[in-house]
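Structure first, commentary second.
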Amino acid sequence: MMEKIQRLKQDVAQLSYNELVIFRNWFDEFDAQKWDKQIEEDVAAGRLDELADKAIADFKAGYY
Numbered sequence: 858m859m860e861k862i863q864r865l866k867q868d869v870a871q872l873s874y875n876e877l878v879i880f881r882n883w884f885d886e887f888d889a890q891k892w893d894k895q896i897e898e899d900v901a902a903g904r905l906d907e908l909a910d911k912a913i914a915d916f917k918a919g920y921y
């Protein structure tokens with residue numbers, strides 16, 4: 858796995874400025890979609906329920 862990362866780093870380092878802009882935009886969108894998917898999965902599985910309940914309780918108690 859680290860070899861793959863090293864190759865990616867080397868490849869990215871050799872991109873032109875314009876290629877880097879395109880790559881950065883693509884990666885930002887790719888990363889955001891992965892994050893959204895993870896959050897959706899966590900919500901569906903109930904992994905965020907405890908945090909949500911605490912935030913609601915804190916809000917009702919006037920902490921925010």
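Mapped onto our numbering, the consecutive letters of the sequence shown carry residue numbers 858 to 921. The C-beta atom is built at its ideal place from N, Cα and C for all residues, glycine as well. What you are looking at is a predicted structure, and each value in this text was computed from that prediction instead of being measured.
Query raised in the report: Taking Cβ positions, are Leu905 and Ile896 nearer each other than 9 Å?
Result: yes
Query raised in the report: Just to confirm, are Gln880 and Leu872 a CB contact at a threshold of 9 Å?
Result: Note that residue 880 is Phe in the sequence shown, not Gln. The answer is yes: Cβ separation under 9 Å.
Query raised in the report: Taking DSSP as the reference, what is the three-state secondary structure of Arg904?
Result: In the structure shown, Arg904 sits in coil (DSSP, three-state: anything other than H, G, I, E or B).
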